[in-house]
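96 is the number that the working numbering gives to position 39 of the sequence shown; each next residue is one higher, with no gaps.
One structure is given here, and the rest of the page talks about it.
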Amino acid sequence: MSDDRNDSFSDRGNKGGMNNKDRMNDDPSKSKRKVYLRKKVCRFCSVKNLKINYKEIDVLKRFITEGGKIIPRRISGNCAKHQRELANAIKVARAVALLPYVKN
Numbered sequence: 058m059s060d061d062r063n064d065s066f067s068d069r070g071n072k073g074g075m076n077n078k079d080r081m082n083d084d085p086s087k088s089k090r091k092v093y094l095r096k097k098v099c100r101f102c103s104v105k106n107l108k109i110n111y112k113e114i115d116v117l118k119r120f121i122t123e124g125g126k127i128i129p130r131r132i133s134g135n136c137a138k139h140q141r142e143l144a145n146a147i148k149v150a151r152a153v154a155l156l157p158y159v160k161n
């Protein structure tokens, strides 16, 4: 009985099939494809007359998801300085009840 149990545990490994590394290299078109990512530009640096203010709700809404979360810098493309200012303005607008904390 103990021999059967040991055999069943030893059979659980890779049974001669493809492992994850083989699956990734299976499609040659995916491995040859190059991805060109375009660098995102901070909107507030490029357009000088666009200011971050907690009263300008239309500007702030562009940087909030449908759920009410602040969009991160790597997605929005803002520089660090303007992302901090934007986050503070959104938080102030929420506290003054110009923006909701969570959308239903």
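All C-beta atoms, glycine included, are put in the ideal place defined by N, C-alpha and C.
In terms of Cβ geometry, G124 and K148 do not form a close pair [threshold 9 Å]. Among the bridge pairs identified by DSSP, I121 is matched with I127. A direct Cα-Cα distance of roughly 16 Å separates P129 from I109. Between L155 and K126, the CB-CB gap reaches or exceeds 9 Å. Non-local beta-carbon contacts of Q140 in its own chain, meaning distances under 6 Å to residues more than five positions away in sequence, involve R130 in chain order. Annotation: the continuous alpha helix (DSSP H) that includes C102 extends over R100 to S103. A distance below 9 Å separates the beta carbons of F120 and N135. DSSP places V149 in the uninterrupted alpha helix (DSSP H) bounded by A137 to A152. For V116, the secondary structure class from DSSP, reduced to helix, strand or coil, is helix.
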